[in-house]
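I have placed the structure first, in the form of structure tokens, so that the comments after it can refer back to it.
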Amino acid sequence: MKFLCVLCVLCSFASAARALEREAFTITKYDLAITLEPEQQRLGARGKITLRNDSAHPQKIAALQISASLDWRSIRVDGKPVQFVSQPYISDIDHTGALSEAIVTLPAEIQPKESVELEIGYEGVIPLDATRLTRVGVPEEIAKHTSWDQIGSSFTAVRGAGYVAWYPITTESADFSEGNSLFEVADRWKAREAESAFKLALSLPGGSREATQTLLCGAEARGSSGQAGKDRGIQVECGWSPLGTVTPTFALAEYVDESKAPLKLFSLRGHETGASKYSNALEPATKFVSGWFGPPVAPIAIADLADPNSAPFESGTLLMASMAAEDSKLAGINLVHELVHSALPSSRPWVYEGLAHFAEALYRQEQGGRQAALDVLGLHRAAFLDAEKEAAAAAQKNAGEKSAGQPLSSTFDETYYRSKAAYVWWMLRDMAGDDALKQAIHKYRSEDDTDKNPKYVEQLIEAAAKRDLGWFFDDWVYRDRGLPDVHVQSVHPWQTEKGSQMITVTLENLGNAGAEVPFTVICEGGEVTTRIEVRAKSTATTRVEVRGAAREIVVNDGSVPESDVTNNVFQISAPQK
Ligand SMILES: [Zn+2]
Numbered sequence: 094m095k096f097l098c099v100l101c102v103l104c105s106f107a108s109a110a111r112a113l114e115r116e117a118f119t120i121t122k123y124d125l126a127i128t129l130e131p132e133q134q135r136l137g138a139r140g141k142i143t144l145r146n147d148s149a150h151p152q153k154i155a156a157l158q159i160s161a162s163l164d165w166r167s168i169r170v171d172g173k174p175v176q177f178v179s180q181p182y183i184s185d186i187d188h189t190g191a192l193s194e195a196i197v198t199l200p201a202e203i204q205p206k207e208s209v210e211l212e213i214g215y216e217g218v219i220p221l222d223a224t225r226l227t228r229v230g231v232p233e234e235i236a237k238h239t240s241w242d243q244i245g246s247s248f249t250a251v252r253g254a255g256y257v258a259w260y261p262i263t264t265e266s267a268d269f270s271e272g273n274s275l276f277e278v279a280d281r282w283k284a285r286e287a288e289s290a291f292k293l294a295l296s297l298p299g300g301s302r303e304a305t306q307t308l309l310c311g312a313e314a315r316g317s318s319g320q321a322g323k324d325r326g327i328q329v330e331c332g333w334s335p336l337g338t339v340t341p342t343f344a345l346a347e348y349v350d351e352s353k354a355p356l357k358l359f360s361l362r363g364h365e366t367g368a369s370k371y372s373n374a375l376e377p378a379t380k381f382v383s384g385w386f387g388p389p390v391a392p393i394a395i396a397d398l399a400d401p402n403s404a405p406f407e408s409g410t411l412l413m414a415s416m417a418a419e420d421s422k423l424a425g426i427n428l429v430h431e432l433v434h435s436a437l438p439s440s441r442p443w444v445y446e447g448l449a450h451f452a453e454a455l456y457r458q459e460q461g462g463r464q465a466a467l468d469v470l471g472l473h474r475a476a477f478l479d480a481e482k483e484a485a486a487a488a489q490k491n492a493g494e495k496s497a498g499q500p501l502s503s504t505f506d507e508t509y510y511r512s513k514a515a516y517v518w519w520m521l522r523d524m525a526g527d528d529a530l531k532q533a534i535h536k537y538r539s540e541d542d543t544d545k546n547p548k549y550v551e552q553l554i555e556a557a558a559k560r561d562l563g564w565f566f567d568d569w570v571y572r573d574r575g576l577p578d579v580h581v582q583s584v585h586p587w588q589t590e591k592g593s594q595m596i597t598v599t600l601e602n603l604g605n606a607g608a609e610v611p612f613t614v615i616c617e618g619g620e621v622t623t624r625i626e627v628r629a630k631s632t633a634t635t636r637v638e639v640r641g642a643a644r645e646i647v648v649n650d651g652s653v654p655e656s657d658v659t660n661n662v663f664q665i666s667a668p669q670k
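Going by the working numbering, the sequence shown opens with residue 94, and the numbers climb by one from there.
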């Protein structure tokens, strides 16, 4: 009987929890009209959203969330107002650290997989707000360079979900101070929304502004470069279908338009030299990208940020980065990245972003050699090594699982689809060679890269390189097996009958992911670099001919991310004969 009571209590908890399943509904369609009033830091929104019940139960209650500095005005279904209660909901998914949540009672239960369309209205202000960072101890001066979103009379730039919920979202609370909670909630939201359609009409009413301003919402925005005259208003439209990894973002500023197809270049006064670095880099960057990835086909946009210390931000083919820096290397790399997106659309984040980050390194190699390229890749190392460490620690808890991480092929975690993917493409290039990888990339078609054939990319590269790469894709792309850890297990020097020096080298990989690693034998007469495939938890042996007595072996030049690099140098102490 006692057991039954406990069970009843549990049941009632379960049904209460079910009523508040905040992530039950996915917003599959947005059709929003947003009016900006920059002097008041204000926006007003009207539009329609479609909610699909992705839970296993019928739902009568929907929780819709917008930034805490915005207020719900109306919610209607079939033209009739529906009952809703508005309440604050603490969550670090928004820059204010909170959301305005409307708990909506729908006119009827929505069955699993069924949808309902809501007409919504909300308005309010979006001032600069770094609360979610300052309350976990980030000094305000630093926090505002990261949390730069605001509607302002001289400069407006607002990023969407994950930064500012200027459109409705449906999420569980995210907490910055709780490990990865914020990123988990934000990544989950992105994954749920990847197939959604988002349509935005942004307008700035005509008024008293003296100067002309440019309203932007993406590279392909219709009317985006239209400028506001003194009395005329302006309107731009943007649409993403599917949304993919795009974070809908808008900006409004007195931009100097220096566009030259396919680049839409918007800079701020005083940043002329920085903007010219982009203009000058366009031709060589386009030439480089065309050779590797095909000609850029879609427009790209790079827009200036008012605060020179702002962290750059990218969404689809729109890059927002301060042009105060006057850095030609950075301008070249940024352009290459966006041009790759223009040349190679893909609905797979690890292909779309991974190739663009990989291309940055390739471009640096062309200008400054392999080490310069590895330095670019190295910027990704820390973030993604930490993520893999956490995955490995979680895997240890769930014994039996090799890793609790995320398969690269399906992840919506930026650390993976940007940083890990950049390394994966680089390793594929080292294994397949430039010509074979180029050939595979040229054959790639996003529409063919669907769930129908999960091995599409692998097969393209294998066909071009004429090499089995199944093991590599298994360890790095289809599953998250963590990282390799390669070291020299043994070295055996000997002399051939012809009198030349040979050494037999055995490398051991202590990790769960295999890799083809380069290693360099340093000897009296110079050095020899070669490559060898070392599978997970295995050893591999090869012979290297050297000109003089071998002194040292250095495993891995930094192109293979490893969990431990302290064991990569091996001294050959035995005297050579
Ligand atoms: Zn990108």
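For each residue, glycine too, the CB sits at the ideal point set by N, CA and C.
Rounded to whole angstroms, what's the CA-CA distance from Leu501 to Leu211? Just pull it up for me. C-alpha separation (whole angstroms): 35 Å.
Taking the straight line between their C-alpha atoms, what separation do you get for His238 and Ser167? Roughly 34 Å separates the two Cα atoms.
Out of Ile219, Arg624, Gln664, Val584, which one is the CA nearest neighbour of Thr128? The residue among Ile219, Arg624, Gln664, Val584 with its C-alpha nearest the C-alpha of Thr128 is Ile219.
Within a Cβ cutoff of 7 Å, which residues of the same chain sit near Asp56, ignoring the five residues on either side of it in sequence? Residue 56 lies beyond the range of the chain shown here (94 to 670); nothing can be said about it.
Is the beta carbon of Lys206 closer than 8 Å to that of Arg145? Yes, the Cβ-Cβ distance between Arg145 and Lys206 is below 8 Å.
Among Arg441, Val517, Ala529, the one whose alpha carbon lies nearest that of Phe505: Minimum Cα distance to Phe505 is reached at Arg441.
Who are the near neighbours of Pro151 in its chain, counting only those whose CB is closer than 6 Å to its CB and skipping five residues on each side? Within the same chain, Pro151 has close Cβ partners Glu202, Gln204.
Cβ-based burial, Thr508 [other Cβ within 10 Å; buried from 16]: Around the Cβ of Thr508, a 10 Å sphere holds 16 or more other Cβ atoms; the residue is buried.
Is the segment 427-445 touching the segment 539-548, taking contact as three or more C-beta pairs under 8 Å? Contact check between the segment 427-445 and the segment 539-548: three or more CB pairs, one atom from each, fall below 8 Å, which counts as touching.
Pick from Ser415, Asp657, Pro388 that is closest to Asp397, judged by C-alpha positions: The residue among Ser415, Asp657, Pro388 with its C-alpha nearest the C-alpha of Asp397 is Ser415.
Return yes when at least one heavy atom of ligand 1 lies under 7 Å from the C-beta of Ala391, else no. No; taking the cut-off as 7 Å, the Cβ of Ala391 has no heavy atom of ligand 1 nearer than that.
Check whether the segment 193-200 touches the segment 280-291, taking contact to mean three or more Cβ pairs, one atom from each stretch, closer than 8 Å. By the criterion of at least three beta-carbon pairs nearer than 8 Å, the segment 193-200 is not in contact with the segment 280-291.
Mark Trp259 as exposed unless 16 or more other C-beta atoms lie within 10 angstroms of its C-beta, in which case mark it buried. Label assigned to Trp259: buried.
One question on the structure: do Ala236 and Thr249 come within less than 8 Å of each other, judged by their Cβ atoms? No, they are not a contact pair.
Which stretch, first to last residue, makes up the alpha helix (DSSP H) that contains His238? His238 -> alpha helix (DSSP H) spans 233-239.
Relative to ligand 1, is the shortest distance from any of its heavy atoms to the C-beta of Glu609 smaller than 7 Å? In this structure, ligand 1 has no non-hydrogen atom nearer than 7 Å to the beta-carbon of Glu609.
Residue(s) in a DSSP beta bridge with Thr340: Partner(s): none; Thr340 has no beta bridge.
Pro442 - DSSP class collapsed to helix/strand/coil: DSSP places Pro442 in helix when its eight states are reduced to three.
Hey, how far is the Cα of Ser162 from the Cα of Ile244? A straight-line Cα-Cα distance of about 12 Å links Ser162 and Ile244.
Could you name the residues of the same chain whose beta carbon sits closer than 8 Å to that of Leu336, not counting the 5 residues immediately before and after it, in chain order? Result list for Leu336: Glu286, Ala287, Glu288, Ser289, Ala290, Phe291, in chain order.
Whole-angstrom C-beta distance between Leu297 and Cys331, which should lie under 8 Å: In this structure Cys331 does not touch Leu297 by the C-beta definition: roughly 14 Å separates them, more than the 8 Å allowed.
Who pairs with Leu423 in a beta bridge, going by DSSP? Residue pairing for Leu423: DSSP places it in no beta bridge.
If you compare alpha carbons, which of Ala374, Ser503, Val251 is closest to Asp420? Among Ala374, Ser503, Val251, the Cα nearest to that of Asp420 belongs to Ala374.
Bounding residues of the alpha helix (DSSP H) (the contiguous stretch that carries Val550): Element bounds for Val550: 549-558.
Can you tell me the Cα-Cα spacing of Ala391 and Phe406, whole angstroms? Taking the straight line from one Cα to the other gives about 19 Å.
With DSSP as the reference, label Asp268 as helix, strand or coil. Here Asp268 sits in coil by DSSP.
Extract the residue ranges of the alpha helix (DSSP H) inside the segment 130-205, only unbroken runs of 4 or more that lie entirely within it. The qualifying runs do not exist here; there are none.
Give the range of the alpha helix (DSSP H) segment to which Gln532 is assigned. Looking at the DSSP string, the run of the alpha helix (DSSP H) that includes Gln532 is 527-536.
Taking Cβ positions, are His473 and His450 nearer each other than 8 Å? Contact flag set, yes.
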